[in-house]
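Engineer:
In the working numbering, the protein residues as written are 4 to 80.
The structure is reproduced here in structure tokens:
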């Protein structure tokens, strides 16, 4: 028995938001590098802190997605 529709939607939404966080962190890293090169180390460090938060959020969302799949082993994909 696979995931029901609400579970499929939840899993897809979790994966989507996790992906958004990942790519936002990538863009923020580029911005932080430019700030650092421009001598604005304080703001660059603040952005690095945000990146850490985003990565932790991404990991939590991905873990929840795996938990949903584990509930129905044949639906893992």
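In this text, a Cβ means the ideal position worked out from N, Cα and C, and glycines have one as well.
From this set, 56, 46, 7, which residue's C-alpha is nearest residue 24's C-alpha?
Structural biologist: Nearest C-alpha to residue 24: 56.
Engineer: Is it true that the CB of residue 21 sits closer than 9 Å to the CB of residue 60?
Structural biologist: Their beta carbons are under 9 Å apart, which means residue 60 touches residue 21 by this criterion.
Engineer: Here's the rule: buried if 16 or more other CB atoms are within 10 angstroms of the residue's CB, otherwise exposed. What is residue 45?
Structural biologist: With fewer than 16 Cβ atoms within 10 Å of its Cβ, residue 45 is classed as exposed.
Engineer: Does the distance from the CB of residue 30 to the CB of residue 75 come in under 9 Å?
Structural biologist: The answer is no: Cβ separation not under 9 Å.
Engineer: Kindly indicate if chain D contains any beta-carbon less than 9 Å away from that of residue 8.
Structural biologist: You won't find chain D in this structure, because it holds only one protein chain.
Engineer: At the level of alpha carbons, what is the spacing between residue 15 and residue 73?
Structural biologist: Distance between the alpha carbons of residue 15 and residue 73: 15 Å.
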